[in-house]
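Beneath this line is the structure, given in structure tokens, with notes to follow.
There are 4 protein chains.
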Amino acid sequence: MTSASAIDGPPEPGAAPRRARSHDKILETAFALIVERGYGRVTIEAIAAAAGVGKPTIYRWWPSKGALALEAINHRIGTVLDFPSTGDIATDLATQINGAVSVMNGPIGVVYRGIIAEAQSDPAIATAVRTTIIEPRTRDCQRRLAEAVTVGQLRGDVPTREMVELLYGPIYYRFLLGTDVLDPVRTPQLIARVLDGLRPRPANGGAG
Amino acid sequence: MTSASAIDGPPEPGAAPRRARSHDKILETAFALIVERGYGRVTIEAIAAAAGVGKPTIYRWWPSKGALALEAINHRIGTVLDFPSTGDIATDLATQINGAVSVMNGPIGVVYRGIIAEAQSDPAIATAVRTTIIEPRTRDCQRRLAEAVTVGQLRGDVPTREMVELLYGPIYYRFLLGTDVLDPVRTPQLIARVLDGLRPRPANGGAG
Amino acid sequence: MTSASAIDGPPEPGAAPRRARSHDKILETAFALIVERGYGRVTIEAIAAAAGVGKPTIYRWWPSKGALALEAINHRIGTVLDFPSTGDIATDLATQINGAVSVMNGPIGVVYRGIIAEAQSDPAIATAVRTTIIEPRTRDCQRRLAEAVTVGQLRGDVPTREMVELLYGPIYYRFLLGTDVLDPVRTPQLIARVLDGLRPRPANGGAG
Amino acid sequence: MTSASAIDGPPEPGAAPRRARSHDKILETAFALIVERGYGRVTIEAIAAAAGVGKPTIYRWWPSKGALALEAINHRIGTVLDFPSTGDIATDLATQINGAVSVMNGPIGVVYRGIIAEAQSDPAIATAVRTTIIEPRTRDCQRRLAEAVTVGQLRGDVPTREMVELLYGPIYYRFLLGTDVLDPVRTPQLIARVLDGLRPRPANGGAG
DNA sequence: CCTTAAACGAGACGGTACGTCCAGTCTTTAA
DNA sequence: TTAAAGACTGGACGTACCGTCTCGTTTAAGG
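Structure below.
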């Protein structure tokens with residue numbers, strides 16, 4: 001999902017050549033501007049001016065600032081990386097989740113934060129966020145978790161979808177409520193606690 | 001925290017009597033309007049008009065829509081309820097967390113969602129949300145969790161603060177990303193999974 | 001001076017076509033509204049609303065209500081009429097000054113009064129009033145007076161500029177201080193007294 | 001006319017003691033503030049603040065800024081001076097008119113200008129200006145002019161009221177339209193021209 | 001190679017809301 | 001009992017952007 005918006009489809013195919021030039025420039029300008037000033041402080045007018053583009057050109061392709069920002073982020077992220085598979089689920093989750101954490105701590109995180117804010121009052125954005133960002137990664141994660149269930153590393157009586165929520169929930173909690181920093185070093189510990197639970201463990205203890 | 005804003009302190013004591021009248025009317029109108037139209041669709045101008053109040057009267061007391069909404073929510077919630085204590089931590093957590101869930105599912109949730117969105121680009125709001133909403137409840141929760149640690153119901157090697165994140169993270173994840181409904185019936189199951197972990201359990205899976 | 005504001009020059013040439021539509025509507029609405037309610041009771045907001053135009057559209061072209069009113073007046077007056085020349089200076093002055101008097105007694109006078117009031121505290125307006133209203137007419141008048149000097153109808157030792165002040169001073173005095181009505185019938189008498197002076201005349205007397 | 005407003009009579013007599021203190025302070029503050037910033041840039045709020053007085057205290061005594069300014073001016077001017085009488089009307093007029101000119105050129109002129117502006121859209125102020133400022137001085141002037149008529153220095157067929165307008169008109173013209181400075185040195189010349197008229201004079205030009 | 005229709009930059013437009021200032025009124029408090 | 005102090009409603013201010021529209025001007029494709 002790097003080209004046209006997930007909210008309104010591409011206006012029409014075949015008119016592409018001249019388009020691409022402004023198109024990318026707009027996405028990149030929007031991204032840079034949001035990172036620089038913060039999502040709430042950026043206006044479409046400012047993006048148009050900075051991109052050397054007319055406002056209607058932006059409105060032709062994106063229905064709102066949120067839709068533009070969302071595509072800007074996806075344009076920036078590029079392909080979703082495959083979930084690693086070393087055999088140990090804790091290690092693989094740490095790798096993957098640390099990817100998410102470092103994205104959240106970087107410039108993309110600034111934009112992402114703004115988009116999630118927008119999604120709170122714009123259902124179209126909310127849907128697009130789930131469709132283009134959350135769900136692809138969730139599916140990947142679920143796939144790896146299912147494997148782990150198969151080989152007996154995880155319980156089979158918990159839906160993998162719910163496992164994803166238990167794992168990512170605390171990450172988003174910190175990201176959006178700012179109660180604590182997202183420290184990649186502590187990710188493995190966090191995962192271990194989700195996997196092992198909070199009750200005292202009989203013998204081996206599970207501090208990972 | 002039901003009276004003056006947490007962002008700018010009360011302008012001065014002693015001028016209260018006439019104030020209270022408009023003050024409460026504004027808070028209630030703001031709340032009702034946000035619930036009715038959604039946070040993003042409500043303007044301070046509309047709140048002033050609906051409350052039969054001049055715009056400057058609002059600006060005299062609150063620096064922004066977010067600050068007003070936050071106080072409106074706290075004015076509405078009133079006192080924080082004590083954490084229940086039946087002896088079983090899972091039961092008590094379910095009781096408490098279900099309180100949060102039902103609040104999120106009701107009108108307060110609509111306003112709260114908007115405030116969290118605002119907090120993403122307004123650090124003052126973010127701080128006020130933590131100070132007046134998150135932290136009091138977190139401290140209460142931590143207190144009960146510490147008790148449970150003492151009586152051997154929970155591990156002693158996990159900071160209670162982190163336990164709170166593991167418990168509430170998935171709740172906020174669903175609340176803000178809308179990946180699934182927040183169903184109070186499933187809360188005990190969710191808590192059980194956080195307490196027990198995702199790894200297969202030897203037999204009964206439990207408190208050892 | 002009937003077109004663009006005398007205070008800020010025309011924003012740019014060539015952008016005219018779409019502009020003219022609102023432009024004229026605004027000028028005419030402003031004029032009508034001021035005549036109807038009085039200069040001081042008219043707001044830019046009301047003009048915008050009555051003209052079916054956004055407030056910023058007005059502010060784009062005129063920096064203040066005074067500037068707008070001034071252009072509205074000039075737009076209304078149109079071209080400055082040539083000074084008549086019958087050969088007798090008293091007759092010609094009466095014709096010309098009566099033009100001014102009837103303007104002051106009509107709707108334009110209502111607006112003009114407001115602009116002169118504004119000019120008392122806004123130097124830009126004061127300058128524009130002189131440049132676009134007073135001076136062109138003064139120059140015309142001076143030209144005719146100079147002719148009269150040449151043919152011996154007027155003294156050569158009084159600057160024509162000062163003559164204009166002696167002639168128009170009493171008109172404006174009544175107009176702005178409201179000490180008496182401006183009655184066009186009495187204009188020739190007034191002029192005669194300025195021309196002949198207040199001292200007793202030897203024989204012929206000049207009471208016109 | 002130095003005490004209560006000419007627009008609404010004195011609120012009540014006998015309440016004087018506490019009043020006088022604020023009363024004068026307000027008048028003096030208003031005057032100073034208007035001179036400093038210009039009539040249009042001064043608000044009643046600012047006057048109240050600068051005088052250390054509540055706004056309602058001002059509204060209790062004066063119905064508007066114009067009424068306050070007018071009284072401030074009269075409070076400042078104090079008594080109207082008697083018209084001088086040396087025997088030569090030209091000399092006496094020069095003395096008197098130069099008094100007016102120097103007032104117009106000083107701080108009082110700044111306030112007076114603002115009041116006249118206000119009078120353009122507030123008939124109550126306009127009337128008060130005539131009643132308390134213009135007319136007393138006009139009557140004085142007329143009295144002296146009538147004397148001059150009696151002794152044959154001035155024509156008997158021109159109403160003295162009109163003579164006043166011919167004399168003061170050009171002064172106010174310059175004062176309000178700013179076409180030229182009001183130079184006291186040139187006042188005698190101006191008066192001479194009004195008295196002698198603009199037509200060529202046979203020989204000595206003069207009192208016949 | 002030349003036309004011609006689209007997409008473009010530019011920015012004016014009707015509007016909405018902003019956050020502020022001040023007017024003029026009303027209430028409370030202190031003297 | 002009075003008036004100071006100042007909070008109040010309310011209207012307008014001048015500004016920032018919104019999303020739409022109307023302009024010429026590229027510009028690349030098809031004739």
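Sequences listed follow chains C, Z, L and P, in order. For the first sequence, the residue numbers in my numbering are 1 to 208. For the second sequence, the residue numbers in my numbering are 1 to 208. For the third sequence, the residue numbers in my numbering are 1 to 208. For the fourth sequence, the residue numbers in my numbering are 1 to 208. Glycine included, each C-beta is placed from N, C-alpha and C at the ideal position.
Any C-beta of chain C under 8 Å from that of residue i
i: T179(Z); result: yes
i: A117(Z); result: yes
i: Q96(Z); result: no
i: P188(Z); result: no
i: V158(Z); result: yes
Same chain only: Cβ atoms within 7 Å of residue i, ignoring 5 sequence neighbours per side
i: V103(L); result: G109
i: T86(P); result: D92
i: A192(P); result: A90
i: G54(P); result: A48
Three-state class that DSSP yields for residue i in the structure shown
i: R199(P); result: coil
i: P188(L); result: helix
i: D82(Z); result: coil
i: V194(P); result: helix
i: T132(L); result: helix
i: G40(P); result: helix
i: L182(C); result: coil
i: M1(Z); result: Bear in mind that a pLDDT of 34 at M1(Z), under 50, signals an unreliable position, so the number given afterwards is only what the model happens to contain. Three-state result, M1(Z): coil.
i: R113(C); result: helix
CB contact check: residue i to chain P, cutoff 8 Å
i: L198(L); result: yes
i: G152(L); result: yes
i: R137(L); result: no
i: M163(L); result: yes
i: R144(L); result: no
Inter-residue Cα distance where the pair is residue i and residue j
i: P107(C); j: I116(C); result: 15 Å
i: S22(P); j: Y59(P); result: 13 Å
i: V42(C); j: L33(C); result: 7 Å
i: V194(L); j: R174(L); result: 15 Å
i: P184(P); j: V101(P); result: 6 Å
i: R201(Z); j: A148(Z); result: 21 Å
i: Y39(P); j: Y172(P); result: 18 Å
i: Q120(C); j: T79(Z); result: 26 Å
i: G179(Z); j: A67(C); result: Checking the sequence shown, residue 179(Z) turns out to be Thr, not Gly. Taking the straight line from one Cα to the other gives about 19 Å.
i: G197(L); j: A126(P); result: 30 Å
i: E165(C); j: Q153(Z); result: 24 Å
i: I47(C); j: P56(Z); result: 32 Å
i: I44(L); j: W62(Z); result: 29 Å
i: V151(L); j: A94(L); result: 19 Å
i: V111(L); j: E28(L); result: 12 Å
i: G52(L); j: K25(L); result: 9 Å
Contact with chain Z by residue i, beta-carbon distance below 8 Å
i: A126(C); result: yes
i: A207(C); result: Interpretation of A207(C) is limited by its pLDDT of 42, a score under 50 that renders its predicted location unreliable; no figure is taken from the coordinates.
Where the alpha helix (DSSP H) containing residue i begins and where it ends
i: Q142(C); result: E135 to T150
i: S102(Z); result: I89 to N105
i: P123(Z); result: P123 to V129
i: G66(Z); result: K65 to I77
i: T57(L); result: K55 to W61
i: Y172(Z); result: T160 to L177
Beta-carbon contacts of residue i that lie in its chain and below 8 Å, excluding the five residues immediately before and after
i: F83(L); result: D92, Q96, D140, C141, R143 and R144
6 Å CB neighbourhood of residue i in its chain, flanking five on each side removed
i: L70(C); result: I115 and A128
i: D122(C); result: G66
i: E118(L); result: G66 and I125
i: T138(Z); result: V164
i: R199(P); result: none
i: N98(C); result: P184 and T187
Interface flag, residue i vs chain L, CB-CB below 8 Å
i: L33(P); result: no
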